[in-house]
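Residues in the sequence shown are numbered consecutively from 20, following the working numbering.
Glycine included, every Cβ here is placed at the ideal spot set by N, Cα and C.
The structure presented is a predicted model; accordingly, all values stated were derived computationally and were not measured.
Here's the structure we're looking at; comments come further down.
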Amino acid sequence: MIFLLMISFALFPLAAGITTIYILGKTKLSKLLFIFFIFASFWQIDVSFLHAHEFFSNSVIEFLFQLFRFGSIMVAPTLFAVIYTAINQTQMIESRMVKYTVNKITVVTLYIWSTFVYLIGWSHKGIQSFELVKSQGLIKVSFLYPVYGDWSWIFNFNTCMFIIITVISLVLSKKLKDSETKTFIRYFIIIATVGYCIGFLNMIKCYLLLPSSIAVLFLSIGILIPVIRMHQKIITKMNNALLDQKEFFHKIIDLNPSYIYAKSQDGKYTVTNQAYGVLFGVNSEDLIGNHEMDYNPDLDMAMQNAYIDYEVLTTLAEKHIPENEIIDAQGNKRWIQTVKLPIVSSGDKQVLTVATDITQRKINEKRREWEALHDPLTGLPNRRAFHQDLNEKMKTAALNNENVAVIFLDLDRFKIINDTLNHENGDLLLKKVAERLSNADDKRVTDFSVYRLGGDEFTFILSSVTKDETTIFVKRILNIFKKSFMLKDHELYVTSSLGISMYPTDGDHPDILIKNADIAMYCSKESGRNSYSFFTQEMNHDYQKKMVLEKALRKALYSNELKMVYQPKIDIETNSIIGMEALVRWESSELGMISPSEFIPLAEETGIILPLGEWVLKSACLQNKIWQDMGYTPIPVSVNISMRQFNEGNFVESVMNILKETNLDAHYLDLEITESISMADINSVICRLNDLKTMGISISIDDFGTGYSSLSYLKKFPINSLKIDRSFVKDITSNSENRAIVKTIISVANNLNLDVIAEGVETEEELLFLKSNGCLVVQGYLLSPPLSGEEFERTFLEQHKGSVLSKRKGPTVF
20 MIFLLMISFA LFPLAAGITT IYILGKTKLS KLLFIFFIFA SFWQIDVSFL HAHEFFSNSV
80 IEFLFQLFRF GSIMVAPTLF AVIYTAINQT QMIESRMVKY TVNKITVVTL YIWSTFVYLI
140 GWSHKGIQSF ELVKSQGLIK VSFLYPVYGD WSWIFNFNTC MFIIITVISL VLSKKLKDSE
200 TKTFIRYFII IATVGYCIGF LNMIKCYLLL PSSIAVLFLS IGILIPVIRM HQKIITKMNN
260 ALLDQKEFFH KIIDLNPSYI YAKSQDGKYT VTNQAYGVLF GVNSEDLIGN HEMDYNPDLD
320 MAMQNAYIDY EVLTTLAEKH IPENEIIDAQ GNKRWIQTVK LPIVSSGDKQ VLTVATDITQ
380 RKINEKRREW EALHDPLTGL PNRRAFHQDL NEKMKTAALN NENVAVIFLD LDRFKIINDT
440 LNHENGDLLL KKVAERLSNA DDKRVTDFSV YRLGGDEFTF ILSSVTKDET TIFVKRILNI
500 FKKSFMLKDH ELYVTSSLGI SMYPTDGDHP DILIKNADIA MYCSKESGRN SYSFFTQEMN
560 HDYQKKMVLE KALRKALYSN ELKMVYQPKI DIETNSIIGM EALVRWESSE LGMISPSEFI
620 PLAEETGIIL PLGEWVLKSA CLQNKIWQDM GYTPIPVSVN ISMRQFNEGN FVESVMNILK
680 ETNLDAHYLD LEITESISMA DINSVICRLN DLKTMGISIS IDDFGTGYSS LSYLKKFPIN
740 SLKIDRSFVK DITSNSENRA IVKTIISVAN NLNLDVIAEG VETEEELLFL KSNGCLVVQG
800 YLLSPPLSGE EFERTFLEQH KGSVLSKRKG PTVF
């Protein structure tokens, strides 16, 4: 009976281990505690078999005792493994002792040693035999008792090891930062130690091997109590953390400027933030448990929200509302962007709504829309609005068979006013003009709109008008300018020139009407200003084009429509780039791409060539200097100089200033002049060329052979090279006259010790002819078309970076 009673005690630690797994879950710590309880249970089973001589033979008892004996032996390393796991699961104070003692190697070593101790027990040197002991006291029981052999000291050492582990574990527990884990470990160590000590009493025969039963019962109950206590503290800590998180969550949503709220299935608020409460002028907490219709002043919106919430809960799908207009507690309209999300928790459904106030964004959008269609200075509709309105009014007029008048107005001599009285007064004048034009309504013409296109240009669109009514309106506009304008301390009398085109008579497309009105306006200026002109087909078409082109070209100088391109000069003997020619291109925003053959002569005639030429020269020098500063091999840039530009009295000074401003070395600038320039005042030409030459600038004669220059004069000019005109290079292989001219030019250049450059090379045959006749520097589409700065840099400069330029004969770098 005693055997069965003791075996039943083995169930206590097993039950405690299962309970621990249930309470703490399947964690590393709980699993190790379970193993600890299993070993305690095996310890009790081991001792119980010593009382089983009534049921089993001595040999069976000896075998079962030695088999289950590892339970008591493995208690010590398992105790240390529990300590090791607890340390790894929580933070500890940094310590060298912890680092070198509490690690996997120590745990494995302890288990290996314990296994060795266990195996020793199977030998006669460990346990020599078993003797039958019969008690003589009150409890009359008999049991087998092991007789230990020569190596029994190993078992005693194992007991000492348990004591050492206990002491070390107690010391380490002090270094744990987590109070719950620290308390549990201390309880665990103390209870395990007391239980082990109780079990150690089995070594005394008079206790009849009964202390182990008390020990396992003590261990089971004693360790289970701190496990439950630690679990309760963990649950309490988690609950407190959840409460803190809930409070933190509420603080976050309260600080969020968006309108955040949640509703239950019955439409009552469950969560609201401060911003949402402010929207309705109430405390956000007052909304909890109430319906939106109780607080939202816009009942239709409240009902719409209720329907959308129902839809979200039914479909469990997100709902995005890009824009929605609401009314706040003060009656102000606001715009919101809303997202509604279904939230399902424990079978309970809620709708979480996050609405972002986009009122300011809508205001900004409307302001940007207004700015996109209005002139910031005068507040009048701008060019874009003019084009949109003209399209619409023309469509309406076509449907109703009506006329539309387009009026262009330009202030006379505004540039003089702007330059003389400064731009501030110029802007003030434009504002006052815009104000008068906006109030230019007439009883006969009421449907009109006025626009500012830019600068001093204004336009009108008159709908449903006849030509006579338009004439009356235009005369009224002219009369507006008879009254002076007061600009701070200045009284100004300003006149205007107007041009009118009529739809559909003068065009059935907006661009045509605009162009014709513009031409008519320039006709008014040419006819003496302060007048108006209706467009007529009899107006000279060349003049129209010329006026439009001139006006566009003047604008191009200040509207970033002009671009620089660069064509390389190639030494075909070394196949290296030795220079580049800077050329100007013009892509008008109104007229498209304009050929240089069109706008360069016009610029010469109108004087625009002066600012244009200065811009080209400055842009070319600046770009060349930028490339040099980027580390590319320095090469000269060639710039064409017009006759009018060269003959300006301050031309040399202007070139000097540009070089100084761009910081470009004069040796990297080549000016190309034409024979027509050299045929002017020879002495003046030579003087200026010498001044340029002294600065270090090289001079080339462009288009050589097309003029009537004298070779005697050519010899006097301080030039560096001659450029063969493209007209001679073309068809050089089939035209004997061109071949003869080219050979002559090359010969002249050689005799005068000048470099010779051929331009317009487009075929391999032309290139071979030039090379065979001693012209080794060429440019043309065969080698490369003119390229933008980015393309030129990528195609040529990057490939020749760090290369040495070939030197041609003469002082030039070619």
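Cβ-Cβ separation between L449 and T397: approximately 6 Å, consistent with a contact (criterion under 8 Å). In its chain, beyond the 5 residues on either side, F299, G300 have a beta carbon closer than 6 Å to the beta carbon of A348.
Residue range 467 to 473 is occupied by the beta strand (DSSP E) that includes G473. Taking 8 Å as the upper bound for CB-CB distance, V94 and A59 are in contact here, some 7 Å apart.
Straight-line spacing of the CA atoms in D394 and H509 works out to 25 Å.
Cβ-Cβ separation between I597 and M566: approximately 43 Å, too far for a contact (criterion under 8 Å). In the structure shown, the three-state DSSP call for R88 is coil.
Assigned with DSSP and collapsed to three states, F500 falls in coil, not helix or strand. About 15 Å separates the Cβ atoms of I764 and F736, ruling out a contact at the 8 Å cut-off. Three or more beta-carbon pairs separated by less than 8 Å are not found between the stretch 171 to 179 and the stretch 188 to 208, which leaves the two stretches without contact. Taking a contact as a CB-CB distance under 8 Å, the pair L602 and Q586 counts as one, their CB atoms being some 7 Å apart.
D376 is a Cβ neighbour of P276, given a cutoff of 8 Å.
Around the CB of G140, 16 or more other CB atoms lie within 10 Å, so the residue is classed as buried.
Residues E344, I346 of the same chain have their beta carbon placed closer than 7 Å to that of K352, with the five preceding and five following residues left out of the count.
In the DSSP assignment, G145 forms no beta bridge with any residue. Annotation: V452 to T489 spans about 20 Å, alpha carbon to alpha carbon. If you draw a straight line from the Cα of Q147 to the Cα of L236, it comes to about 30 Å. Linking Y577 to N292 through their CA atoms gives a straight-line distance of about 55 Å. Per DSSP, the unbroken beta strand (DSSP E) holding R353 starts and ends at 352 to 364.
Relative to the Cα of I182, the nearest Cα in the group I92, I718, I37, S161 belongs to I92. Inter-residue distance for F467 and A281 is about 54 Å (C-alpha atoms, whole angstroms).
The beta carbons of R663 and E617 sit no closer together than 8 Å. Apart from the 5 residues on each side of it in sequence, I499 sits with its Cβ closer than 8 Å to the Cβ of R455, L456, A459 in its chain, given in chain order. In the assembly as shown, T357 is a buried residue. Its beta-carbon has 16 or more other beta-carbons within 10 Å.
In the three-state scheme derived from DSSP, where H, G and I count as helix and E and B as strand, V94 is classed as helix.
Ranking T125, V152, P615 by CA distance to the CA of P165 puts V152 first.
Cα atoms of N401 and K385: separation of roughly 16 Å, rounded to the nearest angstrom. In this structure the stretch 302 to 311 does not touch the stretch 331 to 339; the number of beta carbon pairs closer than 8 Å is below three. Counted as a single uninterrupted DSSP element, the stretch harbouring Q586 is not any alpha helix (DSSP H) but the beta strand (DSSP E) occupying residues 581 to 590. Every beta strand (DSSP E) of 3 residues or more that sits fully in the stretch 512 to 559 is shown, in chain order, as 515 to 522, 551 to 553. Sixteen is the threshold: since fewer than 16 other Cβ atoms of the shown chains lie within 10 Å of the Cβ of E443, the residue is exposed.
CA-to-CA, the gap between I240 and I279 works out to about 51 Å. In this chain, E812 is not harboured by any beta strand (DSSP E), its DSSP state being neither H nor E. Linking G218 to L261 through their CA atoms gives a straight-line distance of about 44 Å. The stretch 317 to 346 contains, as complete beta strand (DSSP E) runs of 3+ residues, the segments 338 to 346 (chain order).
Here the C-alpha atom of L371 lies approximately 16 Å from the C-alpha atom of S365.
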